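Working notes for the structure below.
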Amino acid sequence: MSDTDSTQTVAIKRKKRKSATTVNIPQINFSIFFEENHDHSKDNIAPPVPSLSIGTDAGRRIPPPSFYDKQQKEKKGRVVEQVRVACETQGFFYVTGHDAATLQTLSRALTQIRHFFDDDDLSQFKKQCHSRNSKLYRGYTQCGGGNNCTSKAKEPESKESFTVGAEGDNSSPMHGPNLWPRPTTIHDNQNPNQTVQTILQHEEEFCKKFQEDMTEYWEKMLSLARHIAHVLALSLNIKEDFFTSRLEDPVAQMVSFKYPPEDGNISCGEHTDCGFLTLLVQTAAGLEVYSSGNQEWVTVEPVQDAVLVNLGDLVQYWTKGRYLSTPHRVHNTNQIDRYSIVFFANCDFNARLDDLDEEKRNDNENTTTTSTVPTAGEYILKKLGLMYLMGEESP
Numbered sequence: 004m005s006d007t008d009s010t011q012t013v014a015i016k017r018k019k020r021k022s023a024t025t026v027n028i029p030q031i032n033f034s035i036f037f038e039e040n041h042d043h044s045k046d047n048i049a050p051p052v053p054s055l056s057i058g059t060d061a062g063r064r065i066p067p068p069s070f071y072d073k074q075q076k077e078k079k080g081r082v083v084e085q086v087r088v089a090c091e092t093q094g095f096f097y098v099t100g101h102d103a104a105t106l107q108t109l110s111r112a113l114t115q116i117r118h119f120f121d122d123d124d125l126s127q128f129k130k131q132c133h134s135r136n137s138k139l140y141r142g143y144t145q146c147g148g149g150n151n152c153t154s155k156a157k158e159p160e161s162k163e164s165f166t167v168g169a170e171g172d173n174s175s176p177m178h179g180p181n182l183w184p185r186p187t188t189i190h191d192n193q194n195p196n197q198t199v200q201t202i203l204q205h206e207e208e209f210c211k212k213f214q215e216d217m218t219e220y221w222e223k224m225l226s227l228a229r230h231i232a233h234v235l236a237l238s239l240n241i242k243e244d245f246f247t248s249r250l251e252d253p254v255a256q257m258v259s260f261k262y263p264p265e266d267g268n269i270s271c272g273e274h275t276d277c278g279f280l281t282l283l284v285q286t287a288a289g290l291e292v293y294s295s296g297n298q299e300w301v302t303v304e305p306v307q308d309a310v311l312v313n314l315g316d317l318v319q320y321w322t323k324g325r326y327l328s329t330p331h332r333v334h335n336t337n338q339i340d341r342y343s344i345v346f347f348a349n350c351d352f353n354a355r356l357d358d359l360d361e362e363k364r365n366d367n368e369n370t371t372t373t374s375t376v377p378t379a380g381e382y383i384l385k386k387l388g389l390m391y392l393m394g395e396e397s398p
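For this note's numbering, count along the sequence shown from 1 and bump the result up by 3.
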């Protein structure tokens with residue numbers, strides 16, 4: 004397993020490489036979908052209406068349900084259309100409208116990975132959690148320690164990573180244990196025969212808090228992925244739960260990165276993501292996306308309080324090329340380290356890649372029964388050259 008495998012990317016080749024310009028990635032407010040289960044009938048204020056001034060009198064009347072339902076439907080329709088256009092033209096978009104709790108979770112997770120990568124007092128955990136100790140290559144990989152995302156790179160790519168994935172012993176070949184930092188045992192130099200429980204109190208606290216905060220982040224991103232999957236189904240005019248029903252126990256993976264300023268070596272080479280959805284938060288610029296229309300690289304500037312989403316190869320395959328899986332890369336030309344957390348929201352391992360056109364024609368009936376229909380797990384393993392995990396070939 005390589006770093007390319009662990010980050011679920013597929014290397015691609017391009018003959019010509021250009022400098023990046025800046026592009027505006029669509030920012031789409033999903034709050035209408037985040038709040039869709041909220042019962043506004045219990046509110047003591049009227050729901051907001053775009054471009055309509057509503058008084059603040061405590062005794063004002065709440066609009067009737069029919070008014071609110073129509074407003075909700077129109078709002079959702081606008082979001083769905085924005086997502087459709089973004090998926091057809093760029094394959095990237097920002098999701099905004101997150102509540103305060105979600106934003107705090109994102110902030111805590113970024114703080115934790117900075118601590119993990121940068122605190123010299125925690126360096127022993129990098130060795131303890133090294134990816135070579137994991138069959139699924141989860142855990143820590145040092146700078147230059149994994150294979151490159153692109154075959155064009157002549158030198159190791161400049162990045163550190165820490166990977167966790169879906170847990171469970173028998174769920175699929177892509178489920179398994181994670182390597183979380185754990186307090187270790189050392190020998191007191193002054194009393195070599197006395198075994199003592201190490202680490203300083205702050206190190207023990209770090210192990211507990213790191214796992215808690217990163218697990219909470221995982222859960223938030225999985226929830227967000229399901230919201231996005233719901234909207235994707237609406238944008239394709241198929242059954243609303245077509246994708247979410249395939250995200251019940253997904254073979255998701257989450258990779259935290261530290262990219263030092265480039266010093267001759269590229270941070271992360273040109274590639275596409277092989278799975279379903281990728282959700283990213285980042286601390287600095289550096290991500291670049293290839294614009295096939297203009298045949299140039301464009302820089303994706305970070306947006307505060309937003310999660311960047313890009314479609315993977317599986318979506319492009321599923322939609323027969325209508326929705327795009329766009330090549331991208333990382334060049335950290337900043338004078339500071341760049342940190343990011345990437346959540347690869349893959350589908351359930353045994354989720355069938357049923358034909359979407361057939362889904363529409365048969366009025367939401369699952370009519371595809373042939374055994375030749377591939378599953379999401381098979382698709383990803385073939386893309387990554389990991390079919391040996393299913394016992395079909397040797398590594």
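No residue lacks a Cβ here, since even glycine has one placed at the ideal position from N, Cα and C.
Since the model is a prediction, treat every value here as computed from it, not as a measurement.
If we call anything under 8 Å between Cβ atoms a contact, is residue i one with residue j?
i	j	result
F245	C350	no
E163	F128	no
V98	L227	yes
F33	G100	yes
V86	L235	yes
C277	K386	yes
I339	A112	no
H334	E265	yes
F95	V318	no
From the DSSP output, read off the bridge partner residues of residue i.
i	result
G324	G324 pairs with nothing; no bridge assigned.
S343	F260, Q285
S294	E299
L314	L280
R355	T378
T99	N32
V24	The sequence shown places Thr at residue 24, rather than the Val named in the question. Answer is V301.
V167	M257
A348	L280
According to the neighbour-count rule (16 or more other Cβ atoms, all chains shown, within 10 Å of its Cβ), is residue i buried or exposed?
i	result
T336	exposed
P377	exposed
H205	exposed
N136	exposed
A104	exposed
E208	exposed
D216	buried
R341	buried
T375	exposed
G142	buried
I28	buried
S259	buried
S270	buried
Q115	buried
K223	buried
Q410	Residue 410 is absent from the model: the chain starts at 4 and stops at 398.
G171	exposed
S56	At S56, the pLDDT of 27 sits below 50, so the modelled position is not reliable and the matter cannot be decided from this model.
Figure out for me which residue from the options has the closest Cα to the Cα of residue i.
i	options	result
V292	E265, L311, P176	L311
S110	P186, D172, E219, N353	E219
L182	G168, P176, S174, N173	G168
E91	R249, N313, A348, L356	N313
N173	D252, P264, Y262	D252
K242	D122, D357, A112	D357
A287	E273, Y326, K261, N240	K261
A348	P264, W221, G324, C271	W221
R355	L237, S134, L250	L250
D122	L283, V318, T302, C210	C210
Y140	Q107, L225, F165, Q319	F165
L282	M257, V303, E304, G289	M257
S134	D102, P180, Q75	P180
P263	T302, K212, R325, R117	R117
P305	G324, Q75, Q285, N297	Q285
F346	G388, Y382, N297, L225	L225
Q298	Q93, Q75, Q30, Q74	Q93
L125	Y382, R325, P186, F95	P186
E38	I31, D102, K73	D102
Among the residues of its own chain, which have a CB less than 8 Å from the CB of residue i, if the five just before and after it don't count?
i	result
E77	none
F36	K79, V82, H230, H233, V234
Q107	none
Using a Cβ-Cβ cut-off of 7 Å (strictly less than) and excluding sequence neighbours within five positions of residue i, which residues of its own chain qualify?
i	result
N268	E158, P159, E160, S161
G380	S175, M177, V254, F352, N353
T247	R229, A232, H233
L359	L239, I241, W321, T322
Leaving out five residues before and five after residue i in sequence, what residues of the same chain have Cβ atoms less than 6 Å from its Cβ?
i	result
Q214	W183
A309	Y97, T99
I48	Here I48 scores only 34 on pLDDT, less than 50, and its place in the model should not be relied on; the value that follows carries that caveat. Same-chain partners within the cutoff: there are none.
E362	I241
G147	P159
V26	V301
Measuring only between beta-carbons, confirm whether residue i sits less than 8 Å from chain C.
i	result
R355	Absent here is chain C; the protein component of the structure consists of one chain.
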